[in-house]
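Take a look at the structure set out below.
2 protein chains.
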Amino acid sequence: MGASKSDFFTDKQNELASLFKALSHPARVAIIEYLLTVDTCICGDIVNELPLAQPTVSQHLKELKNAGIIKGSIEGTAICYCINETTLKKIESYFSIINTKLKNKCC
Amino acid sequence: MGASKSDFFTDKQNELASLFKALSHPARVAIIEYLLTVDTCICGDIVNELPLAQPTVSQHLKELKNAGIIKGSIEGTAICYCINETTLKKIESYFSIINTKLKNKCC
DNA sequence: TTATTATATCGTAATATTGCAATATAAAAA
DNA sequence: TTTTTATATTGCAATATTACGATATAATAA
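Chains as they are written, first to last, in this note's numbering: chain W, 1 to 107; chain R, 1001 to 1107.
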């Protein structure tokens, strides 16, 4: 085999896993961090920021977009990408809940 | 190719990516969530909680341990796993910083 | 000692990811 | 119109992940 048995897990577990999978590559972490340094959303120069070829960057952007971590809107010839605040707030609150639960533990 | 070009990214970006990679499988999310429901750290029954064979669960536990997300200590014949609070706090603070930065954005 | 119990490792097949050259698309400029 | 510019898609080779049967290890029980 090799395919993950996602049918046996809850929807929430699968959703969380796919969010983390989207962030599980250094290039995609770098993209997020670059988007954070840019003031506006007009940012079609992500390709120049990364040590990867244009098709590869395009593929990484697609994965981040499919996971809902970034949003992209067409701006003439260029495309304007920015971080999806809602998703990142969800992720933060997930870890916030985990850490709250951990406070009542022994370990 | 197929190997990710981790040499071209910063250590922090690679570290974060490997933390997220550890969480990028629903079984491993399920393991974390199960560990949260258990009061003590004595928990050698993760295998019975998951719809996966013992070697597969063992492999997932190893990945979580290697990434520093869980800790495991030998407890006689069994092994006692628990969540590594330090790592999870780090992840929460990473997203907390991101969300703070996002507040000063247009989008 | 010989079970038994709990977990890890090995080996391997199925599948997924990564990266990029080549090519396609689609909007704006000439 | 044709060219340029920006991004996406296709196709494919290299590599990584997932899953599990078989087997190994290592501590306790009998």
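The C-beta atom is built at its ideal place from N, Cα and C for all residues, glycine as well. Since this is a predicted model, take the numbers as computed values, not measurements.
Considering Cα atoms alone, identify which of R:Glu1033, R:Lys1005, R:Val1047 and R:Ser1058 is closest to Gln13 (chain W). Here residue 13 (chain W) refers to the residue found at position 13 when the first sequence is read from its first residue. Residue R:Glu1033 is the option with its Cα nearest to Gln13 (chain W).
Of the residues that make up the stretch 77 to 99 of chain W, which ones have a beta carbon closer than 8 Å to any beta carbon in chain R? Residues passing the 8 Å Cβ filter: Cys82, Ile83, Glu85, Leu88, Lys89, Ile91, Glu92, Phe95, Ser96, Ile98 and Asn99.
Pick out the complete alpha helix (DSSP H) segments inside the stretch 1002 to 1052 of chain R, 4 residues or longer, and give them in chain order. As far as the stretch 1002 to 1052 of chain R is concerned, its whole alpha helix (DSSP H) runs of at least 4 residues are 1011 to 1022, 1026 to 1037 and 1046 to 1049.
Using a Cβ-based criterion (distance less than 7 Å to any ligand heavy atom), does Ser93 (chain W) qualify as near the ligand ADP? Ligands displayed in this structure: none; no statement on the ligand ADP is therefore possible.
What first and last residue would you give for the beta strand (DSSP E) that runs through Ile74 (chain W)? Walking along the first sequence from the start, residue 74 (chain W) turns up at place 74. Run containing Ile74 (chain W): Ile70 to Glu75, per the beta strand (DSSP E) assignment.
Taking 8 Å as the threshold, find out whether the stretch 1083 to 1095 of chain R comes into contact with the stretch 89 to 106 of chain W through three or more Cβ pairs. Three or more Cβ pairs drawn from the stretch 1083 to 1095 of chain R and the stretch 89 to 106 of chain W lie within less than 8 Å of each other, which places the two stretches in contact.
Count Cβ pairs between the stretch 1018 to 1033 of chain R and the stretch 1058 to 1066 of chain R that sit closer than 8 Å; are there 3 or more? Judged by Cβ distances under 8 Å, the stretch 1018 to 1033 of chain R makes contact with the stretch 1058 to 1066 of chain R, as three or more pairs qualify.
Label Pro55 (chain W) either buried or exposed according to how many other C-beta atoms from any shown protein chain fall within 10 Å of its C-beta, with 16 as the threshold for buried. One-based indexing of the first sequence puts residue 55 (chain W) at position 55. That one is exposed.
Contact list for Ser1073 (chain R) against chain W, beta-carbon separation under 8 Å: To locate residue 1073 (chain R), count along the second sequence from 1; it is residue 73. Listed along the chain, the chain W residues whose CB falls inside 8 Å of the CB of Ser1073 (chain R) amount to none; the nearest CB is some 10 Å away.
Proximity winner among R:Leu1102, R:Asn1084, R:Gly1072 and R:Cys1080, relative to Ile69 (chain W) (alpha-carbon distances): Your numbering for residue 69 (chain W) matches position 69 in the first sequence. Looking only at R:Leu1102, R:Asn1084, R:Gly1072 and R:Cys1080, the smallest Cα-Cα distance to Ile69 (chain W) is reached by R:Leu1102.
Which one of R:Thr1100, R:Ala1017 and R:Pro1051 has the shortest CA to CA distance from Ile83 (chain W)? Taking the first sequence and counting its residues from 1, one reaches residue 83 (chain W) at position 83. Distances from the alpha-carbon of Ile83 (chain W) to those of R:Thr1100, R:Ala1017 and R:Pro1051 put R:Thr1100 closest.
Residue environment, Ala1030 (chain R), which counts as buried when at least 16 other CB atoms sit within 10 Å: In the second sequence, the residue the question calls residue 1030 (chain R) occupies position 30. Burial call: buried.
Out of W:Glu75, W:Lys5, W:Val38 and W:Ala53, point me to the one whose CA is closest to Ser1004 (chain R)'s CA. In the second sequence, counting from the first residue as 1, residue 1004 (chain R) sits at position 4. Of W:Glu75, W:Lys5, W:Val38 and W:Ala53, the residue nearest in Cα terms is W:Ala53.
If you follow the beta strand (DSSP E) that Ala1078 (chain R) is part of, which residue opens it and which one closes it? Taking the second sequence and counting its residues from 1, the one referred to as residue 1078 (chain R) is at position 78. For Ala1078 (chain R), the enclosing beta strand (DSSP E) stretches over residues Ala1078 to Ile1083.
Pick out whichever of R:Leu1035, R:Leu1088, R:Ala1067 and R:Lys1105 has its Cα sitting closest to the Cα of Ser1018 (chain R). As a first step, residue 1018 (chain R) is located in the second sequence; it is residue number 18 there, counting from the start. For Ser1018 (chain R), the closest alpha carbon among the candidates R:Leu1035, R:Leu1088, R:Ala1067 and R:Lys1105 is that of R:Ala1067.
Listed by chain order, chain W residues near Asn1014 (chain R) by CB distance under 9 Å: Translated into positions along the second sequence, residue 1014 (chain R) becomes position 14. Here the neighbours are Pro26 and Val29.
Taking the alpha-carbon positions, what's the Thr1037 (chain R) to Leu1016 (chain R) distance? Numbered from its first residue, the second sequence carries residue 1037 (chain R) at position 37. Numbered from its first residue, the second sequence carries residue 1016 (chain R) at position 16. Approximately 26 Å, taken between the alpha carbons.
Range covered by the alpha helix (DSSP H) that runs through Lys65 (chain W): Residue 65 (chain W) sits at position 65 when you count from the first residue of the first sequence. Lys65 (chain W): member of the alpha helix (DSSP H) spanning Gln54 to Asn66, first to last residue.
State yes or no: is the C-beta of Tyr81 (chain W) within less than 8 Å of the C-beta of Leu50 (chain W)? Sequence index remark: in the first sequence, residue 81 (chain W) carries index 81 (1-based). Sequence index remark: in the first sequence, residue 50 (chain W) carries index 50 (1-based). Against a cut-off of 8 Å, the Cβ pair of Leu50 (chain W) and Tyr81 (chain W) comes out as no contact.
Step through the CB atoms of chain W and report whether any lies within less than 8 Å of the CB of Lys1062 (chain R). For the purposes of this step, residue 1062 (chain R) is taken as the residue at position 62 of the second sequence. Not one beta carbon of chain W lies nearer than 8 Å to the beta carbon of Lys1062 (chain R).
Under 9 Å Cβ-Cβ, which residues of chain R neighbour Ala3 (chain W)? For the purposes of this step, residue 3 (chain W) is taken as residue 3 along the first sequence, with counting starting at 1. Result: empty, since nearest Cβ-Cβ is about 12 Å, beyond 9 Å.
With DSSP run on the structure shown, which of helix, strand or coil describes Lys1105 (chain R)? On the second sequence, position 105 is the one that residue 1105 (chain R) refers to. Lys1105 (chain R): coil per DSSP, three-state reduction.
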